[in-house]
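**Student:** First the structure, then my questions, so here it is.
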Amino acid sequence: MPPILPNPPAATASGPLLSEDLAPSPIRDFLSKRGSGRIADNSFAAVMLLCALSIFAIVLFILSILIVRSHLSLAQFGWSFFTRSAWDPVSGDFGALPFIYGTLATSFLALLMAVPLALGVAIFLTELCPRVLRAPISFLTELLAAIPSVVYGLWAVFVLVPLMRDTIGPFLVKFFGWTTLFDGANFGVGLLTASMILAIMILPIISSLTRDIMNAVPNSQREAVLALGATRWEMIRIGVLRNSRIGIVGAVMLGLGRALGETMAVTMVIGNHPNISKSLFAPANTLASVIAGEFSEATSDMYLSALIEIGLALFLVTIVVNAIARLMVWAVTRNAPARVH
Amino acid sequence: MRIKSARRTAMNYLIGGLSILATVIVILPLIAILFYLIYKGASSLNLAFFTHIPAPVGEEGGGMANSIVGSGIVLLLASLMGIPIGIAAGVYLAEFGRGKPLGTAVRFTADVLNGVPSIVMGISIYSLIVIRQKHFSALAGGVALAIMMVPTITRTTEEMLALVPHAIREAALGLGVPKWRTAVSVSLRTASPGIITGCMLAFARVAGETAPLLFTAFGNSFWSFKLSEPIAALPLQIYVYAISPYDEWHRLAWAGALVLIVMIMVSVTLVRIFANRGALKGGS
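Quick mapping for you: the protein sequence lines, in order, are chains A and B. In my numbering, each residue's number is its place in the first sequence (first place is 1) plus 1. In my numbering, each residue's number is its place in the second sequence (first place is 1) plus 54.
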């Protein structure tokens, strides 16, 4: 068979492979005629870079347009916007403190309910579950994450609210009324109902991330603790949870970030009243739900500007919370195979 | 002498029981919601639901055909805008941005952007497009959903491309294939099942979003096919009907929610099935 390439040229004094010494060949001709492809490579890379920069562009765009459109209320109220408790569209007096209270209260309660459950599910699925059941149950918990917010809200309005009003509310008043947290009329809608539906919604995120974090702990840790004579729970506590504390805090913060911004389900069951009250049955409003509920009724420029300023605050707070949470999760799962959440 | 005291053993069983209880408590609302949806919604699903527009208030019948079609139009717009940009950004991150600080910054920003509330996107696009044009439009709704899809698709594309073995890329580069051609014909093609599932996941996620459409697409009680007019969308219509005082509309809301959930569950399940069929076993 004839050689495809010519014999290599003999080494000369000035170097073995100067181009003028090489014998012509079809392959070499073809490759050198095609050029270096530098232009196509660079322009392709430039286009890809532009699209990647679009992510920054989106963030900057949102930030700038929210600041620009809320300049009226920024100028009028300044920082006191977030410390005052007024919300009077008629006279143009706005203060966002009730919504901050509503957001913090619902998120805190939701975390209180969701974190133990999510940890329990994560522990069950990673350590205790029989292998056969692992895929179906984890699929089911991820289906929970796929349900749209408005469907949760629909279910909450027609199922959770009557349940709250007729069953859970009286039960709580009877046994826990001494805490004065359950005073006041119970209409079914209010802080507690919103917190419950929020807890159901943030559960899948926290549990799925916690599972990833727990799986990222190397098996040697588990084996070492078991070798020292620990029970299974002690192995989980010492070998796994202790190593993944930071990551679990990050997962919880991601759940918090989702809870802070959750709009539709909360709007439908929180009662929509700008009001700070100790009672968990009281109607309230969150930053997101006041925007959803009142944006289309904002007739004056100042009203619209106040609502957009609330949106700006929400944007900044969720960015900070998410950034800290992602850093924590990344610190723990750095070397583990990646999964998008 | 027992090595493991009774207290430790009891604690072990207690925690085991509690975690099983937690799993049951978590699965219960899911099953409750699904069954309730089917129970309430299935009886209202008939041909009229899928072919008629909403009837005037107080009249029986009507359907949500315009919402389903409207959702389709807005989602198509969003996909046309969001998927190419997202995939391109993912290609940058995986092929050109590995190890560079810019790549890390883009990746981090995309993750953070994923967590921004959708209502903020809605009011931003309202301020950008709706105020300028002085009317609500399907286009504005499409743009709002597109900027929600971009970070998700970017991250999933990047992770699917990262799973492509370096040896394949190096083999192509070694044969003289230019870098851009390697990225397109070799890496993208190998990772394409995973990338497609990532796009379907992002699609399923924005299909159920209501908040961005509240002030952009706004909703419409009639048929609308023009991009410059307000358009109905399924989640939007469910929201409006759910908070209304009419029983007839509540019935339609349940049926619409059932349709929405079925569509989303079907896509999530398809994603699960196809994620394991591609050349690379991956996907979430």
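Cβ coordinates follow ideal geometry from the N, Cα and C atoms, glycine included.
Applying the 10 Å Cβ sphere with the 16-neighbour rule, what's the burial state of A:Y102?
**Tutor:** Under this definition A:Y102 is a buried residue.
**Student:** Looking at the C-beta of B:T53, does it have a partner C-beta in chain A at a distance below 8 Å?
**Tutor:** Shown here, chain B extends from 55 to 338; a query on residue 53 of chain B therefore has no answer.
**Student:** Take the Cβ of A:V218 as the centre, count every other Cβ of all protein chains shown within 10 Å, and call the residue buried at 16 or more, exposed below.
**Tutor:** By the 10 Å Cβ count, A:V218 comes out buried.
**Student:** Quick check on A:A76: does DSSP put it in helix, strand or coil?
**Tutor:** If DSSP states are grouped into helix, strand and coil, A:A76 belongs with the helices.
**Student:** When the cut-off is 8 Å and only beta carbons count, does B:Y300 lie next to chain A?
**Tutor:** It does not: the Cβ of B:Y300 has no partner Cβ on chain A nearer than 8 Å.
**Student:** Looking at B:A216 and the ligand SAH, is the gap between the Cβ and the nearest heavy atom below 7 Å?
**Tutor:** Although the ligand SAH was asked about, the structure shown includes no ligands whatsoever.
**Student:** For chain B, check one thing: does any of its Cβ atoms lie closer than 8 Å to the Cβ of A:I309?
**Tutor:** By this cut-off, A:I309 is an interface position.
**Student:** For B:K233, return the contacting residues in chain A, with the cut-off set at a CB-CB distance below 7 Å.
**Tutor:** Those are D42, listed as they occur along chain A.
**Student:** Cβ of B:A142 within 8 Å of Cβ of A:M49?
**Tutor:** Yes, the Cβ-Cβ distance between B:A142 and A:M49 is below 8 Å.
**Student:** CB B:T236 to CB B:R223, shorter than 8 Å?
**Tutor:** Going by C-beta atoms, B:T236 is nearer than 8 Å to B:R223.
**Student:** Three or more beta-carbon pairs under 8 Å between the region 174–184 of chain A and the region 276–292 of chain A, yes or no?
**Tutor:** The region 174–184 of chain A, when compared against the region 276–292 of chain A, does touch it at the 8 Å Cβ threshold.
**Student:** How close, in whole Å, do the beta carbons of B:T77 and A:G121 come, if the pair is a contact with beta carbons under 8 Å?
**Tutor:** With 8 Å as the limit, B:T77 and A:G121 qualify as a contact, their Cβ atoms being about 7 Å apart.
**Student:** I need the straight-line Cα distance from B:F162 to A:S55, nearest angstrom please.
**Tutor:** Answer to the nearest angstrom: the Cα atoms are 13 Å apart.
**Student:** Let me confirm a value: B:G336 is counted as buried when at least 16 other C-beta atoms fall within 10 Å, else exposed. Which label applies?
**Tutor:** Note that B:G336 has pLDDT 44, beneath the 50 cutoff, so the model's placement of it is unreliable and the number below is only indicative. Its Cβ being crowded by 16 or more others within 10 Å, B:G336 is buried.
**Student:** Exposed or buried, B:P155, counting other C-beta atoms within 10 Å across all chains shown (16 or more means buried)?
**Tutor:** With fewer than 16 other Cβ atoms within 10 Å, it is exposed.
**Student:** For the region 213–264 of chain B, which segments carrying the alpha helix (DSSP H) assignment without a break, of at least 4 residues, lie completely within its bounds, in sequence order?
**Tutor:** If we require 4 residues or more, the alpha helix (DSSP H) runs fully inside the region 213–264 of chain B come out as 220–228, 243–261.
**Student:** For B:I285, which three-state DSSP category applies?
**Tutor:** Looking at B:I285 - three-state DSSP - the assignment turns out to be strand.
**Student:** What is the rounded straight-line gap between the Cα of B:I370 and the Cα of A:M114?
**Tutor:** This structure cannot speak to residue 370 of chain B, because chain B is shown only from 55 to 338.
**Student:** Please report the distance separating the alpha-carbon of B:G248 from that of B:P138.
**Tutor:** For B:G248 and B:P138, the distance between alpha carbons rounds to 15 Å.
**Student:** Within the same chain, show all residues whose beta-carbon is closer than 6 Å to that of B:A22, passing over the 5 residues directly before and after it, in chain order.
**Tutor:** Because chain B here runs from 55 to 338, residue 22 of chain B falls outside it and cannot be looked at.
**Student:** Could you name the residues of the region 126–147 of chain A whose beta carbon sits closer than 7 Å to any beta carbon of chain B, in the order they occur along the chain?
**Tutor:** Cβ contacts with chain B come from L129, I138, F140, L141, T142, L144, L145, A147.
**Student:** From the DSSP secondary-structure annotation, give me the bridge partner or partners of A:G178.
**Tutor:** DSSP, once it has assigned bridges, lists no residue as partnering A:G178.
**Student:** Quick one: does B:N100 have its CB under 8 Å from some CB of chain A?
**Tutor:** For B:N100, the answer is no, since every Cβ of chain A falls outside 8 Å of its Cβ.
**Student:** Which partner residues of B:G136 appear in the DSSP bridge assignment?
**Tutor:** In the DSSP output, where bridge partners are listed per residue, B:G136 has none listed.
**Student:** Under 8 Å between the Cβ atoms of B:G176 and B:F269?
**Tutor:** Closer than 8 Å, so yes.
**Student:** Just grab the DSSP bridge partners of A:F95 for me.
**Tutor:** A:F95 pairs with A:W88.
**Student:** For B:A225, count the other beta carbons within 10 Å of its own beta carbon; 16 or more makes it buried, fewer makes it exposed. Which is it?
**Tutor:** Exposed is the call here.
**Student:** Hey, could you find the ends of the alpha helix (DSSP H) B:L152 is sitting in?
**Tutor:** The question names Leu, but residue 152 of chain B is Arg in the sequence shown. Note, B:R152: premise wrong, no alpha helix (DSSP H); not H, not E.
**Student:** Using 8 Å as the cut-off, can you tell me whether the region 294–306 of chain A makes contact with the region 87–107 of chain A, which would need three or more C-beta pairs spanning the two stretches below that distance?
**Tutor:** Segments in contact, yes.
**Student:** In terms of DSSP beta bridges, what is A:A285 paired with?
**Tutor:** According to DSSP, A:A285 bridges with A:G272.
**Student:** Can you tell me where the alpha helix (DSSP H) with A:F316 in it begins and where it stops?
**Tutor:** Note, A:F316: alpha helix (DSSP H), 302–334.
**Student:** If we define contact as Cβ-Cβ less than 8 Å, is A:W156 a contact residue for chain B?
**Tutor:** A:W156 counts as touching chain B.
**Student:** Just verifying my parser: in three-state terms, what is the DSSP assignment at B:G116?
**Tutor:** In the structure shown, B:G116 sits in a strand (DSSP, three-state: E or B).
**Student:** For A:I66, which of A:G312, A:R39, A:R327, A:Y153 has the nearest alpha-carbon?
**Tutor:** The option with the nearest alpha carbon to A:I66 is A:G312.
**Student:** Let me confirm a value: B:A96 is counted as buried when at least 16 other C-beta atoms fall within 10 Å, else exposed. Which label applies?
**Tutor:** Looking at its Cβ environment, which holds fewer than 16 other Cβ atoms inside 10 Å, B:A96 is exposed.
**Student:** Could you work out which residues of chain B lie near A:I249, taking near to mean beta carbons separated by less than 7 Å?
**Tutor:** Those do not exist, as A:I249 stays about 15 Å from chain B at its closest Cβ, beyond 7 Å.
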